[in-house]
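Below: the structure, in structure tokens.
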Amino acid sequence: WVNLNLKIPAMRFPVPGSFPQKVLRPPLNEHFKVLVNLRNYDLSNFHKFIEGSCAKCEFWIPRGSLDREIPRKTFEKYKNIKFEDQNPTAEEYENYFYKYDYSIFLYEPTIDASGRLFDSILAGLPVCVPKNAQEWSWIAKDHANHHLFELADFESIGELFMHPKFAPPNLETIPFFDPLYLYVL
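Following the numbering used here, the numbering of the sequence shown begins with 89 at its first residue and continues without gaps.
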């Protein structure tokens, strides 16, 4: 972002993922178990997304994502939304992503790095990323089975909850955020 927009030659600071890259895997089930990552997202329309979602899919919210903003009780009427009660331990974390078929990132674009995005991609999990989070969408397009959506478009977000279509990655190289990447150089 700095190099493109400010024309300042800056070296990329290597922010690694938590584990080496696994084999990419497309969602294989007819109905999915979906990890819904939320950060700085306006949740006023979230009920509409769940109401319009596939009733046979499960949408899992990581611990802490909504508790700070909306009480869980407001979602009790939806049978397909689930809440994780605890964070995975360090030992469980690498296998954490294998519980899910794909991951949605409802993040307002920021300059923050997303370790969860890196780890989802390294685990081979297909990802849904907002187009206006430019660096994240570039990373997803290059290294993951991906679905890009418009964060400001209600219909585009609604598709994420109704079996989105995923495009294959553009590159077949070790991602720069793979912990083994520095050893390959």
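Built from N, CA and C at the ideal position, the CB exists for glycine as well. Note that this is a predicted model, so its numbers are computed, not measured.
* Rounded separation between Asn258 and His235 - CA only -> Each residue's alpha carbon lies about 13 angstroms from the other.
* Asked: If we count the other Cβ atoms within 10 Å of its Cβ and call it buried at 16 or more, is Ser132 buried or exposed?
  -> Residue environment analysis places Ser132 among the exposed positions, since fewer than 16 neighbouring C-beta atoms fall within 10 angstroms of its C-beta.
* Do Leu126 and Leu213 have their C-beta atoms within less than 9 angstroms of each other? -> It is not a contact, given that the beta carbons lie outside the stated cut-off.
* To do: With Arg204 as the anchor, note down where its alpha helix (DSSP H) starts and where it stops.
  => Taken as a continuous stretch (DSSP letters only), the alpha helix (DSSP H) holding Arg204 covers 203 to 210.
* Can the beta-carbon of His251 be found closer than 9 angstroms to that of Phe163? -> No, these two residues do not count as a Cβ contact at 9 angstroms.
* Where does Pro256 land, buried or exposed, given buried means 16+ other C-beta within 10 angstroms? -> Label assigned to Pro256: exposed.
* To do: Please go through the same chain and pick out, in chain order, the residues whose beta-carbon is closer than 8 angstroms to the beta-carbon of Lys253, but skip the five residues on each side of it.
  => Cβ neighbours of Lys253 within its own chain (closer than 8 angstroms, five residues either side excluded): His235.
* Skipping 5 residues on each side, what residues in its chain have a beta carbon closer than 7 angstroms to that of Gln174? -> Arg151.
* Asked: Grouping DSSP H, G and I as helix and E and B as strand, with all else coil, what is Asn233?
  -> For Asn233, the three-state secondary structure derived from DSSP is coil.
* **Cα-Cα separation, Tyr186 to Lys136** => Taking C-alpha positions only, Tyr186 is separated from Lys136 by approximately 27 angstroms.
* Asked: Taking just the CA atoms, how far does Ser225 sit from Leu205?
  -> Each residue's alpha carbon lies about 10 angstroms from the other.
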